[in-house]
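Quick notes on the structure that follows.
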């Protein structure tokens with residue numbers, strides 16, 4: 001647990017993963033609270049073998065744990 | 075390297091024109107620079123977004139404040155000219171600057187002016203333009219950059235001890251104890267043109283109000299809060315690219331900035347986010363806690379030799395870590411020295427400590443150059 005704590009702070013210094021995603025231009029916003037992740041993405045392409053779906057704004061709500069994460073799109 | 079801002083006229087209340095001392099003009103040293111720093115810092119504190127600083131405003135030059143916006147520039151220009159020709163500061167008339175303050179008076183003045191600035195920052199209006207400190211932290215070689223660098227080395231120290239407005243003059247003649255004697259500190263040494271670049275600045279600030287972290291995490295953008303893992307909200311902003319750890323006590327840590335100005339600006343932005351969420355956030359005791367710099371000496375180094383001759387300072391365990399850990403005593407800086415010639419310097423509270431540490435280590439490293 002303590003290592004995770006340090007990981008958070010070193011993340012702040014160097015990794016900036018989320019910000020790198022931001023800079024790539026797709027991730028608009030992220031949030032993590034009560035073990036629920038919320039992402040808002042812009043200009044998203046969902047690609048399946050046969051199908052391609054494009055969307056301007058996608059909100060992903062994801063929960064952790066035994067239950068599967070839930071997705072909502074708008 | 076930050077240079078002074080060009081800014082709109084300020085109400086005179088924020089700048090107390092002191093009684094002119096009848097004694098000799100103050101020698102141009104760190105104390106007189108301090109008051110310039112104070113003024114500039116105070117204005118930076120008032121503005122959330124400080125406009126980009128004009129290169130004309132050499133911070134080493136004494137700045138005569140007048141309400142007329144056109145005058146400061148011409149005053150600055152004339153001072154700038156005399157400055158660059160003389161090279162020392164004894165010829166410049168500094169009689170407008172207040173007498174030296176004692177440390178306690180300065181502290182009291184700082185507290186008073188902090189209250190002022192807190193009120194100001196809470197009522198100030200939005201400015202649309204984001205300030206960006208000028209690109210390079212360090213300019214090697216030229217006079218003006220050495221002046222700027224001597225200023226920039228001084229600034230973080232001042233930012234630590236003196237946060238905002240110039241204080242009322244106090245007729246004690248004892249010099250400011252907190253500031254070490256200023257040697258003309260240029261990052262360009264006699265031996266090399268290598269200047270360490272700052273990579274990371276860690277700073278802390280007190281928002282001075284209890285915070286509801288859950289509310290912040292739920293309403294702020296780009297926030298993480300996992301109380302089971304870490305009892306703080308981790309928030310990030312894009313410009314300057316930084317991460318903040320915000321605690322429920324109201325204290326905040328800001329990491330990732332590449333310069334002192336950026337760190338302060340980023341911390342202000344986080345404070346504003348918290349403020350907009352409805353908390354009475356203030357901006358108290360901003361302090362830079364650590365600065366990390368790095369550079370490349372461009373030759374390979376015999377670390378074994380170095381650890382043998384400097385064993386009281388060095389620790390080199392290649393099986394544990396490939397770099398030699400050199401704990402310099404003065405200044406108190408830790409250097410990670412690698413065979414490739416790359417050097418990391420950390421533990422600094424001020425930029426000048428990084429530069430000084432590198433100045434000290436470079437001749438030693440040259441002595442252990444491979445082949």
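Protein chains in written order, with my numbering: chain A, 1 to 74; chain B, 75 to 445.
Heads up, the beta-carbon is just placed ideally off N, CA and C, and yes, glycines get one too.
On a predicted model such as this, the values are computed, not experimentally measured, just so you know.
Could you tell me whether the Cβ atoms of residue 41 of chain A and residue 61 of chain A are closer together than 8 angstroms?
In this structure, residue 41 of chain A sits away from residue 61 of chain A, with a CB-CB distance that is not shorter than 8 angstroms.
So with CB distances below 8 angstroms, who are the chain B contacts of residue 63 of chain A?
Under the 8 angstroms cutoff, chain B gives no residues; its nearest Cβ is about 13 angstroms from residue 63 of chain A.
Is the region 335-342 of chain B in contact with the region 352-372 of chain B, if contact means three or more CB pairs nearer than 8 angstroms?
The region 335-342 of chain B vs the region 352-372 of chain B: in contact.
Going by the CB atoms, is the gap between residue 285 of chain B and residue 357 of chain B shorter than 8 angstroms?
Cβ distance not < 8 angstroms, so residue 357 of chain B and residue 285 of chain B don't count as in contact.
In three-state terms, what does DSSP make of residue 322 of chain B?
Coil, per DSSP.
Taking contact to mean 3 or more Cβ pairs, one atom from each stretch, closer than 8 angstroms, check whether the region 273-290 of chain B and the region 318-334 of chain B are in contact.
With the cut-off at 8 angstroms, the region 273-290 of chain B and the region 318-334 of chain B touch.
Could you name the residues of the same chain whose beta carbon sits closer than 7 angstroms to that of residue 445 of chain B, not counting the 5 residues immediately before and after it, in chain order?
Cβ within range, chain order: n/a, list empty.
Using three-state DSSP, classify residue 336 of chain B as helix, strand or coil.
Look at residue 336 of chain B here: in three-state DSSP terms it is helix.
N-terminal and C-terminal residue of the beta strand (DSSP E) that residue 434 of chain B is part of
Counting along the chain, residue 434 of chain B sits inside no beta strand (DSSP E); it lies in the alpha helix (DSSP H) bounded by residues 425-441.
In chain order, what residues of the same chain lie with their CB nearer than 8 angstroms to the CB of residue 345 of chain B, ignoring the 5 residues before and after it?
So the qualifying residues of the chain are 279, 281, 326, 355, 356, 357.
So with CB distances below 9 angstroms, who are the chain A contacts of residue 291 of chain B?
Neighbours of residue 291 of chain B on chain A, chain order: 31, 32, 33, 34.
Rounding to the nearest angstrom, what Cα-Cα distance links residue 33 of chain A and residue 271 of chain B in this structure?
Taking the straight line from one Cα to the other gives about 36 angstroms.
Of the residues B:268, B:309, B:266, the one placed nearest residue 29 of chain A, counting alpha carbons only
Nearest option by C-alpha distance: B:309.
Heavy atom of the ligand ADP within 7 angstroms of residue 372 of chain B beta-carbon:
In the structure shown, the ligand ADP is absent, as is every other ligand, since no ligand is present at all.
Taking 8 angstroms as the threshold (beta carbon to beta carbon), is residue 297 of chain B in contact with chain A?
Judged by the 8 angstroms Cβ criterion, residue 297 of chain B is in contact with chain A.
Is the beta carbon of residue 397 of chain B closer than 8 angstroms to that of residue 411 of chain B?
Residue 397 of chain B is positioned such that its CB atom lies closer than 8 angstroms to that of residue 411 of chain B.
Sufficient close CB pairs (3 or more, under 8 angstroms) joining the region 367-386 of chain B to the region 411-424 of chain B:
The region 367-386 of chain B is in contact with the region 411-424 of chain B.
Would you grab the beta carbon distance between residue 347 of chain B and residue 294 of chain B for me? Rounded to a whole angstrom, and I think it's under 8 angstroms.
Contact holds; Cβ gap of about 6 angstroms.
Of the residues B:314, B:367, B:331, B:349, which one's Cα is nearest the Cα of residue 430 of chain B?
Closest by alpha carbon: B:367.
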